Each structure stands twice: as C-alpha cells, then as structure tokens.
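K.L.:
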Amino acid sequence: GAGVSQSPSNKVTEKGKDVELRCDPISGHTALYWYRQSLGQGLEFLIYFQGNSAPDKSGLPSDRFSAERTGGSVSTLTIQRTQQEDSAVYLCASSLVEGKNIQYFGAGTRLSVL
Amino acid sequence: RKEVEQDPGPFNVPEGATVAFNCTYSNSASQSFFWYRQDCRKEPKLLMSVYSSGNEDGRFTAQLNRASQYISLLIRDSKLSDSATYLCVVIPSGGYQKVTFGIGTKLQVIP
Chain Z
0 GAGVSQSPSN
10 KVTEKGKDVE
20 LRCDPISGHT
30 ALYWYRQSLG
40 QGLEFLIYFQ
50 GNSAPDKSGL
60 PSDRFSAERT
70 GGSVSTLTIQ
80 RTQQEDSAVY
90 LCASSLVEGK
100 NIQYFGAGTR
110 LSVL
Chain F
192 RKEVEQDPGP
202 FNVPEGATVA
212 FNCTYSNSAS
222 QSFFWYRQDC
232 RKEPKLLMSV
242 YSSGNEDGRF
252 TAQLNRASQY
262 ISLLIRDSKL
272 SDSATYLCVV
282 IPSGGYQKVT
292 FGIGTKLQVI
302 P
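First to last, the protein sequences are chains Z and F.
Counting from 1, position 72 in the first sequence corresponds to residue 71 in my numbering; the numbering is continuous, with no gaps.
Counting from 1, position 53 in the second sequence corresponds to residue 244 in my numbering; the numbering is continuous, with no gaps.
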C-alpha cells in the first residue's frame, strides 16, 4: 500500500507496562508527525521529525514518552510505565515538506490502558 | 489565545442547507491553510487547501481573510454524508513546518 501504515491498530495493556507503537510513512516523505487524540478531543501534537534535523519533542507530555525515527523512515513511539490517562488514539502523519506540506495520516493505534 | 480556534459545535443542519464554519488563527506569519475532514473513529483526511483568492470544489468553498486572520469553509446543499468533524490546519512560514490543528467543528446533517 502507498499510505501511512500504523501498527498495531489496537493495543490493550496493563497500567505500568511499556508499549511501542510503529509508524511506516509514505515512501519519500521526509516529515513525520505523531499526534494523540483522546475521545471527543482535538489532535494533540507530540513530536515532529524532519530529515536529519533534531526532532521537535515539545509536545511530549512527560519523560515516559519517547520516539525514534530510524534511517529517516520508520518511527516508533514508546510509552513507558503506561498510565490510564495515556489511553487514546495515537496518529502518525507524514508529508513532503516541500510544496504544500499536506499531511497524510495513518489509521492510528487505539491504546487502552487498564 | 490559542494558536488556532474553532467552534466545536455541534452544528445540526437539515439536508440541503448551507452551513459555514470559521477558524481563527493567531500567528500573522501563517502561510498555508487547509481544511481536513475526520469521520467518527477515523483518521483526518485532507478536504481542501485554502488559497488567498478563495477556492471552490463542488459544494465546498474555502476562503482566507488575512486581515482578520481567519479561514472559512462553506458547504452548500448539505448531504447526510457530510456529517463529520471539520478541522482547520495552519502552517507558519519559515523553515520549520510545525502544523497546528484546530479542535474541529462537528457537523451533523439531519434528514
């Protein structure tokens, strides 16, 4: 497929466990974004990767959250010691920075922390 | 003041009605503007870009007012399938492409 791919689509975990969410962007897209969306709420920016530049981590809510982007392609978002308030849909988007910077979203990972 | 503000609604309109949403932004240096549509429990998808001169795509018209710092979306002849949340997106000028999403305006078209 040519779109943004996220896995898993659903994740149920116990409070205190670590989770890893994966995003495979559209091939050739240099920019990658992670967002969080709680039920009935807007998109909350988490982190932004652009090429080889240092990522903008200003949106990460706590030091339990971290993200990597290896080789300028696949990204993983890691949440350590999950809490119930981490339950949300985690959306990844990628874009070509050049031009209009239209973001294309993956279908998201729905995380439930019990 | 939030960077991007939208009325969350919901806007409940009958089929065939015309409805308009506004979105205000605070950064006067903002350069690119978009409307995205998000269906319930789905990811956001691009609806249309917003150009300075205004642009139309079928029943949808988007406009930008730089002086008052807002963008608008007009939907004519509303269909049941238009029911969704409409997100405005603002991107500043400059090298760093930080994208700001509005909270979204929920539209419910009723038969």
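No residue lacks a Cβ here, since even glycine has one placed at the ideal position from N, Cα and C.
A quick note: this is a predicted structure, and the numbers were derived from the prediction, not measured.
For the candidate residues Z/69, Z/60, Z/80, whose alpha-carbon lies nearest to that of residue 53 of chain Z?
P.N.:
Residue 53 of chain Z has its Cα closest to that of Z/69, out of Z/69, Z/60, Z/80.
K.L.:
Taking 9 Å as the cut-off, decide whether the C-beta atoms of residue 282 of chain F and residue 41 of chain Z are in contact.
P.N.:
In this structure, residue 41 of chain Z does not lie closer than 9 Å to residue 282 of chain F by Cβ.
K.L.:
Can you give me the Cβ contacts of residue 209 of chain F inside the same chain, cut-off strictly under 8 Å, excluding the 5 residues immediately before and after it?
P.N.:
Counting only Cβ-Cβ distances below 8 Å, and skipping sequence neighbours, we find 265, 266, 267, 268, 269.
K.L.:
DSSP three-state label for residue 17 of chain Z, please.
P.N.:
DSSP places residue 17 of chain Z in coil when its eight states are reduced to three.
K.L.:
Using the beta-carbon count (16 or more within 10 Å), is residue 250 of chain F buried or exposed?
P.N.:
Its Cβ having fewer than 16 others within 10 Å, residue 250 of chain F is exposed.
K.L.:
Using CA atoms only, rank isn't needed, just tell me which of F/274, F/262, F/201 is closest to residue 226 of chain F.
P.N.:
Among F/274, F/262, F/201, the Cα nearest to that of residue 226 of chain F is on F/262.
K.L.:
Quick check on DSSP: helix, strand or coil for residue 81 of chain Z?
P.N.:
Reduced to three states, the DSSP call for residue 81 of chain Z is coil.
K.L.:
DSSP puts residue 242 of chain F in a beta bridge; with which residues?
P.N.:
Residue 242 of chain F is not bridged to any residue.
K.L.:
Runs of 3 residues minimum, wholly inside the region 192-218 of chain F: which ones carry the beta strand (DSSP E) assignment?
P.N.:
Entirely contained in the region 192-218 of chain F, the beta strand (DSSP E) runs reaching 3 residues are, in chain order, 195-197, 202-205, 210-216.
K.L.:
Helix, strand or coil for residue 76 of chain Z per DSSP?
P.N.:
Three-state DSSP puts residue 76 of chain Z in a strand.
K.L.:
Select from Z/84, Z/93, Z/88 the residue whose C-alpha is nearest the C-alpha of residue 113 of chain Z.
P.N.:
Selected option, being the one with the closest Cα: Z/84.
K.L.:
Which partner residues of residue 255 of chain F appear in the DSSP bridge assignment?
P.N.:
Answer is F/262, bridged to residue 255 of chain F.
K.L.:
Put residue 221 of chain F into one of helix, strand or coil per three-state DSSP.
P.N.:
Residue state, collapsed to three classes: strand.
K.L.:
Near residue 229 of chain F, which residues of its chain fall below 7 Å by C-beta distance, leaving aside the five closest residues on each side in sequence?
P.N.:
Within the same chain, residue 229 of chain F has close Cβ partners 235, 275, 276, 278, 295.
K.L.:
For chain F, find out if any of its Cβ atoms is closer than 9 Å to the Cβ of residue 66 of chain Z; answer yes or no.
P.N.:
Cβ-Cβ to chain F under 9 Å: no for residue 66 of chain Z.
K.L.:
Could you give the distance in angstroms between the alpha-carbon of residue 300 of chain F and the alpha-carbon of residue 16 of chain Z?
P.N.:
So the alpha carbons of these two residues sit roughly 42 Å apart.
K.L.:
Identify each residue in the region 235-267 of chain F for which the Cβ-Cβ distance to at least one residue of chain Z is less than 8 Å, and report them in chain order.
P.N.:
Listed by position along the chain: 235, 236, 237, 240.
K.L.:
Can you list the residues of chain F that residue 100 of chain Z reaches, using a CB-CB cut of under 8 Å?
P.N.:
Here the neighbours are 223, 282, 288, 290.
K.L.:
What separation, rounded to the nearest whole angstrom, lies between the Cα atoms of residue 37 of chain Z and residue 245 of chain F?
P.N.:
Rounded to the nearest angstrom, the two C-alpha atoms are 33 Å apart.
K.L.:
Are the beta-carbon atoms of residue 90 of chain Z and residue 105 of chain Z separated by less than 9 Å?
P.N.:
For residue 90 of chain Z and residue 105 of chain Z, yes; Cβs fall inside 9 Å.
K.L.:
Closer than 8 Å by beta-carbon distance: list the chain Z residues that pair up with residue 293 of chain F, in chain order.
P.N.:
Ordered by position in chain Z, the residues that pass the 8 Å Cβ test against residue 293 of chain F are 41.
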